[in-house]
Amino acid sequence: AQKITQTQPGMFVQEKEAVTLDCTYDTSDPSYGLFWYKQPSSGEMIFLIYQGSYDQQNATEGRYSLNFQKARKSANLVISASQLGDSAMYFCTFRGGSEKLVFGKGTKLTVNP
Amino acid sequence: ETGVTQTPRHLVMGMTNKKSLKCEQHLGHNAMYWYKQSAKKPLELMFVYNFKEQTENNSVPSRFSPECPNSSHLFLHLHTLQPEDSALYLCASSQGVRTGISANTEAFFGQGTRLTVV
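Chains as they are written, first to last, in this note's numbering: chain A, 1 to 113; chain B, 114 to 231.
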């Protein structure tokens, strides 16, 4: 069974600085996708970025980038130039050969002014 | 109009009540999901539907009964719930094909229904 591990329950960052949120996964599927979601206090789960297992380059979407290290089975999210509105829960998720989208426990990010 | 809409946003119900949660998606997707998010727990997948067929039931108690009348609508019927069922229930949709849901398909979520069982 697939497993997603987010080891940082909470992270703090100063506004305008960069922050890295860690994610490791465990799978035997040859083909899989990794996704990051943001959940503000309102509850909605917002899709941020996707990385495919066969992608040669790290995914980037605006201020979000994914540091994908396939051999280490890690897919860390990097947020550059943090903004106050980035304060939220961040979930690393995995989809492999099944239809399940498996979520990690999440990291609560707080951006300080 | 948002892609995935859930109603109601908040629900308080007694343990003997029967209620239903509704989810509607306007994204043209064929796969829909129910997730449960309890405090201090990872999101738990409950059900998956692909082309109106249930493809996943993650050992969910029978007091939760899903219904998918078409690819745009998903319901979760609730009856005789317990206080520990209080949680945020999230609906999601994604692109699906007849043979399944591919690994590179992201899911789009609604804002959730916050359920309190008293």
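We put the CB at the ideal spot given by N, CA and C, even for glycine.
It should be emphasised that the depicted structure is a prediction, and the values quoted were computed from it without experimental measurement.
Test: residue i CB closer than 8 Å to a CB of chain A
i, result
"B/GLU180", "no"
"B/LEU156", "yes"
"B/GLY141", "no"
"B/GLN138", "no"
"B/GLY225", "yes"
"B/LEU203", "yes"
"B/ASN130", "no"
"B/ASN170", "no"
"B/PHE177", "no"
"B/GLU219", "yes"
Per-residue burial, residue i [other beta carbons within 10 Å of its own, 16 or more giving buried]
i, result
"A/ASN76", "buried"
"B/MET145", "buried"
"A/THR7", "exposed"
"B/LEU140", "exposed"
"A/ASP26", "exposed"
is_contact[residue i, chain B] using C-beta, thresh 8 Å
i, result
"A/SER42", "yes"
"A/TYR50", "yes"
"A/LEU101", "yes"
"A/PHE35", "yes"
Coil, strand or helix - residue i by DSSP
i, result
"A/GLU15", "coil"
"A/ASP86", "helix"
"A/GLU44", "coil"
"B/ALA220", "coil"
"A/CYS92", "strand"
"B/MET128", "coil"
"B/THR226", "strand"
"B/GLY116", "coil"
Sub-8 Å separation of residue i and residue j beta-carbons
i, j, result
"A/THR93", "A/LEU101", "yes"
"B/MET128", "B/GLN208", "no"
"B/SER215", "B/GLN138", "no"
"B/ALA205", "B/PHE177", "no"
"A/PHE35", "A/THR110", "no"
"A/LYS16", "A/SER82", "yes"
"B/TYR162", "B/LEU203", "no"
Which runs of the beta strand (DSSP E), 3 residues or longer, sit entirely within the segment 179–208 of chain B? The segment 179–208 of chain B is shown to contain whole beta strand (DSSP E) runs of 3 or more residues at 186–192, 200–207, in chain order.
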